[in-house]
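**Student:** If you use our numbering, the sequence shown closes out at 964, no skipped numbers anywhere. Here's a structure for you.
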Amino acid sequence: MIELARRDAMARERAPRRWWNPRSLVGWLVPLALLALTIGIWEAWVRIADTPAWFMPAPSAVAEEAYHSRQLLWEHTWTTLQEVLLGYAIALVVGIATALLIAFSPVIERTVYPLIVASQAIPIIALAPILLIWFGFGMTPKIIVVVLLCYFPIAVNMADGLRAADRDALNLLRSMGASRWQLMRLVRIPSSLPYLMSGARIAAAVSVIGAIVGEWVGASSGLGYLMTRAASQFLTARLFAAVAISAVIGIVMFVIVALIGRWLTPWDVRD
694 MIELARRDAM ARERAPRRWW NPRSLVGWLV PLALLALTIG IWEAWVRIAD
744 TPAWFMPAPS AVAEEAYHSR QLLWEHTWTT LQEVLLGYAI ALVVGIATAL
794 LIAFSPVIER TVYPLIVASQ AIPIIALAPI LLIWFGFGMT PKIIVVVLLC
844 YFPIAVNMAD GLRAADRDAL NLLRSMGASR WQLMRLVRIP SSLPYLMSGA
894 RIAAAVSVIG AIVGEWVGAS SGLGYLMTRA ASQFLTARLF AAVAISAVIG
944 IVMFVIVALI GRWLTPWDVR D
């Protein structure tokens, strides 16, 4: 009976939402046009001012360097991508588990929540050398840095979503004899999904930062390592290419998570 009530409520609330419409098309075209304009101005300025390539390479020079060094860039990109994906997946699992524990127990919330906040008060750049000492120069310290950076928005947003569940729906199910787990499964978790996806999008966008910071401190491969090597050798075009690739990884991850969020929460009409 509880399940039927939930299905009936969701059927009334859900409205079909198209994945693509003219407004979203304009939303993509405007930033792309702005990006193209910026690149055009950059190219023209470098050529007109005759700027030294070591100081500011033209976008065409960056693209040419990316093509000629594509094998090198791919090898380092693959290392960073592994660190980002593994760290993000771990942060997602641990963040969701933490949010559920906080929702189940006020004692755990009072104990764990301050620690979660305190973990963000420590600069990641300060933790990276300690992790390097403890775990060496492999992928492990970089993955941990990604986890620490992505964990906070996921855990905090989902915990807020679990607390923001509809009180009327909770009271209705309680009057029908629903257990604590049924309340969580039927009301709290579905209502927290939009919050979770908001945190997951933020984490996806910043996940690359964690991997890059970890590689800056100490690594033998990865885009962060390649950036430091290129900067020390004044290979500025290669440096810009590595930066552009890291930005693309973050943007692609954000878009993928956003699309997954649309699929998981078709009733969320905030966007």
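All residues carry an ideal CB built from backbone N, CA and C; glycine is no exception. Note that the structure is predicted; figures quoted are calculated from it, not measured.
Could you check if Ser884 is buried or exposed, using at least 16 other CB atoms within 10 Å of its CB as the buried criterion?
**Tutor:** It counts as buried.
**Student:** Are the CB atoms of Pro750 and Ala930 nearer to each other than 7 Å?
**Tutor:** The answer is yes: Cβ separation under 7 Å.
**Student:** Taking a contact to mean a Cβ-Cβ separation below 7 Å, would you say Val755 touches Phe933 in this structure?
**Tutor:** Yes, the Cβ-Cβ distance between Val755 and Phe933 is below 7 Å.
**Student:** If we count the other Cβ atoms within 10 Å of its Cβ and call it buried at 16 or more, is Ser798 buried or exposed?
**Tutor:** Per the 10 Å Cβ criterion, exposed.
**Student:** Report the option in Ile823, Met890, Ile741 whose CA atom is closest to the CA atom of Pro834.
**Tutor:** The shortest Cα separation from Pro834 among Ile823, Met890, Ile741 belongs to Ile823.
**Student:** Would Thr638 be called buried (16 or more neighbouring beta carbons within 10 Å of its own) or exposed?
**Tutor:** Because the chain spans 694 through 964 in this model, residue 638 falls outside it and cannot be assessed.
**Student:** Just to confirm the assignment, what range does the alpha helix (DSSP H) spanning Ser812 have?
**Tutor:** Run containing Ser812: 799-814, per the alpha helix (DSSP H) assignment.
**Student:** Let me check understanding here. Comparing Cα to Cα, which of Leu919, Ile938, Arg894 lies closest to Leu842?
**Tutor:** Closest by alpha carbon: Arg894.
**Student:** Quick check on Thr775: does DSSP put it in helix, strand or coil?
**Tutor:** The displayed chain sequence assigns Gln, not Thr, to residue 775. Helix at Gln775.
**Student:** Around the Cβ of Val723, are there at least 16 other Cβ atoms within 10 angstroms (buried) or fewer (exposed)?
**Tutor:** Looking at its Cβ environment, which holds fewer than 16 other Cβ atoms inside 10 Å, Val723 is exposed.
**Student:** Rounded to a whole number of angstroms, what is the C-alpha to C-alpha distance between Arg860 and Val849?
**Tutor:** Whole-angstrom Cα-Cα distance: 20 Å.
**Student:** Please look up how many angstroms separate the CB atoms of Leu879 and Ala792, rounded, as I've assumed it's under 8 Å.
**Tutor:** Not confirmed; about 17 Å, so no contact.
**Student:** Please name the residue in Ile815, Glu802, Leu785 whose C-alpha comes closest to that of Pro846.
**Tutor:** Nearest of Ile815, Glu802, Leu785 to Pro846, Cα basis: Leu785.
**Student:** In whole angstroms, what separates the C-alpha of Leu667 from that of Trp747?
**Tutor:** Because residue 667 is not part of the residues shown, which for the chain are 694 to 964, the question remains open.
**Student:** Taking Val810 and Met890 to be in contact with their CB atoms under 8 Å, please state how far apart those CB atoms are, rounded to whole angstroms.
**Tutor:** 22 Å between Cβ atoms; not a contact.
**Student:** With H, G and I counted as helix, E and B as strand and the rest as coil, what does DSSP make of Leu842?
**Tutor:** Residue state, collapsed to three classes: helix.
**Student:** Where do the N-terminal and C-terminal ends of the alpha helix (DSSP H) with Met869 fall, by residue?
**Tutor:** No alpha helix (DSSP H) contains Met869, which DSSP labels as neither H nor E.
**Student:** Quick check on Val910: buried or exposed, where buried means 16 or more other Cβ atoms within 10 Å of its Cβ?
**Tutor:** Val910 should be labelled buried.
**Student:** Should Val941 be flagged as near chain D, meaning a C-beta pair shorter than 7 Å?
**Tutor:** The displayed structure is made up of one protein chain only, and chain D is not part of it.
**Student:** Quick one: what's got a C-beta closer than 7 Å to Ile938's C-beta in the same chain, skipping five residues either side?
**Tutor:** Once the five neighbours on either side are set aside, the close Cβ partners of Ile938 are Leu766, Thr770, Leu916.
**Student:** Would you tell me roughly how many angstroms separate the C-alpha atoms of Arg763 and Ile741, rounded to the nearest one?
**Tutor:** Taking the straight line from one Cα to the other gives about 28 Å.
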